[in-house]
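Q: This is the structure, below, for whatever I ask next.
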Amino acid sequence: MKYEFSEEDLKEIDAIKAKYPEVMPATLPVLWLAQNKFGHVNPEVQRLVASTLGLPEAHVHGVVTFYTQYYEEEKGTYVLDVCTCLTCQLCGGYEMLEYFEEKLGIKQGETTPDGRFTLKEVECLGACGYAPMMQVSNETYVNNLTKEKVDKLLDDLRQDKKPEHEKVGMPQRKNI
Amino acid sequence: MPEIFIDGQRYEFEGEHRVLQFIQDLGKEVPFFCYHPAMSAPANCRQCFVKAGQYVKDRETGEYELDEEGNRTIRWFPKLQTSCNLQMVDGMVIHTQETDEQVARAQKDTLEFLLINHPLDCPICDQAGECPLQIQTYKYGPEGSRFEVKKVHRPKRVRLGPRVILDAERCINCTRCVRFTDEISKSHQLTIVQRGDNNFPITAPGREFDDPYSLNTVDICPVGALTAADFRFKARVWEMNQTPSIDMTNGKGTNIDLWTRDNIVLRITPRYNKEVNDHWMPDEARTAYTLFNENRISRPLQKLDGEQVLSSWNNAYATLMEQLEEVKPAEVLLVGSPHASVEENYALAKFANLNGYRKPVFLRNEEKGKADGFLLTDDLAPNTNGCILLGFDELTPAEFSAEAEKAGLIILVHDDFISREVLTAGQLDGKYTVIFASNHTKTTKAADLVIPVTTAAEHAASYVNVEGRIQRTFRAKETKYNKRRLDMEMSEGRLDRYGTNFDNWVNEDNKIDCLPLWTFISNLTGYMGTEITLEDGRLIMSEIASTIDAFNGVSYAKMDENSGIQLDTEKVSKKVES
Numbered sequence: 000m001k002y003e004f005s006e007e008d009l010k011e012i013d014a015i016k017a018k019y020p021e022v023m024p025a026t027l028p029v030l031w032l033a034q035n036k037f038g039h040v041n042p043e044v045q046r047l048v049a050s051t052l053g054l055p056e057a058h059v060h061g062v063v064t065f066y067t068q069y070y071e072e073e074k075g076t077y078v079l080d081v082c083t084c085l086t087c088q089l090c091g092g093y094e095m096l097e098y099f100e101e102k103l104g105i106k107q108g109e110t111t112p113d114g115r116f117t118l119k120e121v122e123c124l125g126a127c128g129y130a131p132m133m134q135v136s137n138e139t140y141v142n143n144l145t146k147e148k149v150d151k152l153l154d155d156l157r158q159d160k161k162p163e164h165e166k167v168g169m170p171q172r173k174n175i
Numbered sequence: 000m001p002e003i004f005i006d007g008q009r010y011e012f013e014g015e016h017r018v019l020q021f022i023q024d025l026g027k028e029v030p031f032f033c034y035h036p037a038m039s040a041p042a043n044c045r046q047c048f049v050k051a052g053q054y055v056k057d058r059e060t061g062e063y064e065l066d067e068e069g070n071r072t073i074r075w076f077p078k079l080q081t082s083c084n085l086q087m088v089d090g091m092v093i094h095t096q097e098t099d100e101q102v103a104r105a106q107k108d109t110l111e112f113l114l115i116n117h118p119l120d121c122p123i124c125d126q127a128g129e130c131p132l133q134i135q136t137y138k139y140g141p142e143g144s145r146f147e148v149k150k151v152h153r154p155k156r157v158r159l160g161p162r163v164i165l166d167a168e169r170c171i172n173c174t175r176c177v178r179f180t181d182e183i184s185k186s187h188q189l190t191i192v193q194r195g196d197n198n199f200p201i202t203a204p205g206r207e208f209d210d211p212y213s214l215n216t217v218d219i220c221p222v223g224a225l226t227a228a229d230f231r232f233k234a235r236v237w238e239m240n241q242t243p244s245i246d247m248t249n250g251k252g253t254n255i256d257l258w259t260r261d262n263i264v265l266r267i268t269p270r271y272n273k274e275v276n277d278h279w280m281p282d283e284a285r286t287a288y289t290l291f292n293e294n295r296i297s298r299p300l301q302k303l304d305g306e307q308v309l310s311s312w313n314n315a316y317a318t319l320m321e322q323l324e325e326v327k328p329a330e331v332l333l334v335g336s337p338h339a340s341v342e343e344n345y346a347l348a349k350f351a352n353l354n355g356y357r358k359p360v361f362l363r364n365e366e367k368g369k370a371d372g373f374l375l376t377d378d379l380a381p382n383t384n385g386c387i388l389l390g391f392d393e394l395t396p397a398e399f400s401a402e403a404e405k406a407g408l409i410i411l412v413h414d415d416f417i418s419r420e421v422l423t424a425g426q427l428d429g430k431y432t433v434i435f436a437s438n439h440t441k442t443t444k445a446a447d448l449v450i451p452v453t454t455a456a457e458h459a460a461s462y463v464n465v466e467g468r469i470q471r472t473f474r475a476k477e478t479k480y481n482k483r484r485l486d487m488e489m490s491e492g493r494l495d496r497y498g499t500n501f502d503n504w505v506n507e508d509n510k511i512d513c514l515p516l517w518t519f520i521s522n523l524t525g526y527m528g529t530e531i532t533l534e535d536g537r538l539i540m541s542e543i544a545s546t547i548d549a550f551n552g553v554s555y556a557k558m559d560e561n562s563g564i565q566l567d568t569e570k571v572s573k574k575v576e577s
């Protein structure tokens, strides 16, 4: 597959570049743009980004590998990041991860044969209050996971129905 | 004048300085890994911590505030500072590890962190013996590690490019190599990938680290993470000995060190010279070490019935004398060489003068478009300007070819004219061809008499670079005719000192049977009955200095003191143009 930016993309990239006094800071947003367009930033896309911005390929590669949110290879349509860091681990993060593995028939780090889901075990996503939790494709958090919630999520995603942002209130003190 | 107090000592300074460099310039020490004087200081190894502060002054009176004991009170900066990027200001107070317990402790703890994932493989690591991490751990490090968990594993034996191999586990992420490609060679080929304890430097995927200066990263790597593909596992550094020299592969005159063991040159590294090459050298010049060891001519060769056979020195002198007598002086064509030193060319010129031959001519050896504005030059020879300053006539290949046709006897030095397609082997037929050379080439194969001469690794002689700077080499390798132990100018490694001919690590065959060109000439004139004495480079240079204007005031002592002497550039550049 040949990776190319369209005219519109290039216009957007110019707009991004205009925000910064130098080109280098545009690396992150342009990588996002590329990932949103191609679904990943594999070495070929990294080269495309580097040549579009006129930056060294090595620099772009370094940035991509630093952030886990950039996908260095092709992933499924939906990337399921299940947190197993301490709080989630204590509240059943591994159980949720294993349930995903069982339901999807894949291990963490793998993609389903139909290319719909990629399952990843990740470190803390900063939502310990709602453990165990997960994130869908670098976007929405799904909190307080249960097996039922996982079932529903997978069914919805199979119909391309993305989960909605969920507002979770913290228990407040009543009589102040 | 602004003043600074380092470990209780007062120093004056002018202009802008960084604390670490200033301390080093004083001959004192603060440990560091990532800092390099030629590059930016990102302060990411955190090893050069010092305690910094200012004496407190009363704003109104301008008097220093004193404590109860009458000492000036110091207002310390809230935390320890990295001295590599700490700008010096007037009245600054610095405490290093020598006087401050807290600094010493901080450095020790930083080292403990750096060593957490560093493999304990010094016994098989090439860097051992010249490793800042090893040395500074001995000096400033902790006695042991409190880290008892499994170390992080990272890629090993990664071929970064044709010449550099990476062991990512040893890397401490000082980023010197990355900064080198960003700031010095400007190829931007390296970056640090991953994060946290998985960090290591590498190229973009699918790209090779083929920077023409890539091996400099091996020199500046403060650990054994980057090693040279053709030197790794060849020798322990303490077995070798290090001799200053000059690069022979181009006209820049890059200052180098030759590393020898048992009279074999094993590697070449750059030697700092602010005026010429700073800390760097091109990769091409490093691979030239093979020229000193391989394909060498040992003992004179003579053509008998169309075939070259090994001869003897006596035979070589006698034959050459005979042949010179057979031709008229006007038919003798002496060709000096930009690949030979000033002293060798001078010896040739003196020989010509003595016997009434025409003054030597020379051809430059150039490859247009090779120069990169840094350390590579179009000129492929180290001493083109030397030939010009000696007053040799420069010939074009066509002119030279015509001259060669006319000559009855040709004496060449080093130049491989046949491979360079300046001459054909056929053109040399029917005339007696003598060549002074160190390595076998197509031209030496075609010559009637081949006199093996010393290379830059075996003689002390000087070379004038493209900018007109004269610099000299030192003897690094023994020949059959000199002894390291008797030659007070040769450096001596551990093996050189303690090895005897009966040890299996000493090989007599590594000494080449060759003579300096001037020694051969001076012996030859002795046999011819018109003796001139050309004893050694140092004396020849003083003779040159007193007889040739351009070399006025040049001496080995002065060259050694100033790492080379800039000759009159006016004279050089004018001649180069014409």
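Protein chains in written order, with numbering that gives the first Met the number 0: chain Z, 0 to 175; chain P, 0 to 577.
Virtual Cβ for every residue (Gly too), placed ideally from N, Cα, C.
(1) Provide the residue(s) that pair with residue 202/P in DSSP beta bridges, ordered along the chain.
(2) Can you grab the Cα-Cα spacing for the pair residue 236/P / residue 11/P, in whole Å?
(3) Among 379/P, 19/P, 2/P, which one has its Cα closest to the Cα of residue 253/P?
(4) Contact between the region 549-558 of chain P and the region 534-541 of chain P is defined here as three or more beta-carbon pairs at a separation below 8 Å; is this criterion met?
(5) Under 8 Å, do residue 322/P and residue 427/P count as touching if we go by C-beta distance?
(6) Is residue 92/P helix, strand or coil by DSSP?
(7) Step through the CB atoms of chain Z and report whether any lies within less than 8 Å of the CB of residue 69/P.
(8) Run through DSSP, which three-state label would residue 159/Z get?
(9) Excluding the 5 residues flanking residue 239/P on each side, which residues of the same chain have their C-beta closer than 7 Å to its C-beta?
(10) In the structure shown, what three-state DSSP assignment does residue 170/Z receive?
(11) Chain Z beta carbons: is any one of them nearer than 8 Å to that of residue 187/P?
(12) For the pair the region 55-74 of chain P and the region 16-30 of chain P, tell me if three or more CB-CB distances fall below 8 Å.
(13) Along the region 29-58 of chain Z, what residues have a CB closer than 8 Å to any CB found in chain P?
(14) Can you find at least 3 beta carbon pairs, one from the region 34-53 of chain Z and one from the region 165-174 of chain P, that sit closer than 8 Å?
(15) Look up residue 57/Z in the DSSP assignment and say whether it is helix, strand or coil.
(16) Return the first residue and the last residue of the alpha helix (DSSP H) that residue 52/P is part of.
(17) Leaving out five residues before and five after residue 334/P in sequence, what residues of the same chain have Cβ atoms less than 8 Å from its Cβ?
(18) How big is the Cα-Cα spacing for residue 487/P and residue 270/P?
(19) Under 7 Å between beta-carbons, which chain B residues line up against residue 64/Z? List them in chain order, please.
(20) Quick one: what's got a C-beta closer than 7 Å to residue 178/P's C-beta in the same chain, skipping five residues either side?
(21) What whole-angstrom Cβ distance do residue 351/P and residue 357/P have, given they're in contact under 8 Å?
(22) Determine contact between the region 201-209 of chain P and the region 153-171 of chain P, defined as no fewer than three beta-carbon pairs at a distance below 8 Å.
(23) So who's on the other strand from residue 399/P, going by DSSP bridges?
(24) Do residue 135/Z and residue 82/Z have their beta-carbon atoms positioned less than 8 Å apart in this structure?
(25) To the nearest angstrom, how far is the alpha carbon of residue 575/P from that of residue 366/P?
(26) Residue 295/P and residue 438/P - do their beta-carbons sit closer together than 8 Å?
(27) Does DSSP put residue 82/P in a helix, a strand or coil?
(28) According to the neighbour-count rule (16 or more other Cβ atoms, all chains shown, within 10 Å of its Cβ), is residue 164/Z buried or exposed?
(29) Closest Cβ-Cβ distance between residue 61/Z and chain P: below 8 Å?
(30) Flag residue 202/P as yes if its beta-carbon sits less than 8 Å from any beta-carbon of chain Z, otherwise no.
(31) Provide the residue span of the alpha helix (DSSP H) that contains residue 22/P, from first to last.
(32) Does residue 205/P come within less than 8 Å of chain Z when only Cβ atoms are used?
(33) Would you say the region 78-86 of chain P touches the region 138-151 of chain P, given that touching needs at least three Cβ pairs under 8 Å?
(34) Measure the alpha-carbon distance for residue 117/Z versus residue 109/Z and round it to whole angstroms.
(35) Counting Cβ pairs, one atom from each stretch, are 3 or more of them under 8 Å apart for the region 57-64 of chain Z and the region 185-202 of chain P?
(36) Below 7 Å CB to CB, which residues in the same chain sit around residue 225/P once its five sequence neighbours on both sides are set aside?
A: In short:
(1) The secondary-structure analysis by DSSP pairs residue 202/P across a beta bridge with 189/P.
(2) Roughly 39 Å between the two C-alpha positions.
(3) Measuring from the Cα of residue 253/P, the nearest candidate turns out to be 379/P.
(4) Yes, since at least three Cβ pairs between the region 549-558 of chain P and the region 534-541 of chain P fall closer than 8 Å, the two stretches touch.
(5) No, these two residues do not count as a Cβ contact at 8 Å.
(6) Three-state result, residue 92/P: strand.
(7) Contact with chain Z is absent for residue 69/P, since none of that chain's Cβ atoms lies less than 8 Å from the residue's Cβ.
(8) Note: residue 159/Z maps to coil in three-state DSSP.
(9) Taken in chain order, the residues that qualify are 258, 259, 260, 265, 492.
(10) Coil.
(11) Interface annotation, residue 187/P: in contact with chain Z, CB-CB separation under 8 Å.
(12) Counting C-beta pairs closer than 8 Å gives fewer than three between the region 55-74 of chain P and the region 16-30 of chain P, which falls short of the contact rule.
(13) Legend: CB atoms of the region 29-58 of chain Z lying less than 8 Å from CB atoms of chain P belong to residues 42, 45, 46, 49, 55, 56, 57, 58.
(14) The region 34-53 of chain Z, when compared against the region 165-174 of chain P, does not touch it at the 8 Å Cβ threshold.
(15) In the structure shown, residue 57/Z sits in a helix (DSSP, three-state: H, G or I).
(16) No alpha helix (DSSP H) contains residue 52/P, which is instead part of the beta strand (DSSP E) from 48-54.
(17) Within the same chain, 359, 360, 361, 362, 399, 409, 410, 411, 412, 414 come within 8 Å of residue 334/P by CB-CB distance, once the 5 residues on both sides are set aside.
(18) Each residue's alpha carbon lies about 22 Å from the other.
(19) Chain labels in this structure do not include chain B; the protein chains are Z and P.
(20) Taken in chain order, the residues that qualify are 38, 39.
(21) Contact flag correct, Cβ pair sits at about 7 Å.
(22) By the C-beta criterion, the region 201-209 of chain P is judged to be in contact with the region 153-171 of chain P, since at least 3 inter-stretch pairs fall below 8 Å.
(23) DSSP output for residue 399/P lists no bridge partner at all.
(24) Their beta carbons are not under 8 Å apart, which means residue 82/Z does not touch residue 135/Z by this criterion.
(25) Note that residue 575/P scores 48 on pLDDT, short of 50, meaning its location in the model is unreliable and no value can be drawn from it.
(26) Result yes, Cβ atoms of residue 438/P and residue 295/P sit closer than 8 Å.
(27) In the structure shown, residue 82/P sits in a helix (DSSP, three-state: H, G or I).
(28) So residue 164/Z ends up on the exposed side.
(29) Chain P, which has a Cβ nearer than 8 Å to the Cβ of residue 61/Z, makes this yes.
(30) Yes, contact with chain Z.
(31) Residue 22/P: member of the alpha helix (DSSP H) spanning 18-24, first to last residue.
(32) For residue 205/P, the answer is yes, since a Cβ of chain Z falls inside 8 Å of its Cβ.
(33) With a cut-off of 8 Å, the region 138-151 of chain P and the region 78-86 of chain P do not count as touching, because too few Cβ pairs lie within range.
(34) Those two C-alpha atoms are separated by around 6 Å.
(35) Three or more beta-carbon pairs separated by less than 8 Å link the region 57-64 of chain Z to the region 185-202 of chain P, which places the two stretches in contact.
(36) Around residue 225/P: 163, 165, 176, 216, 217.
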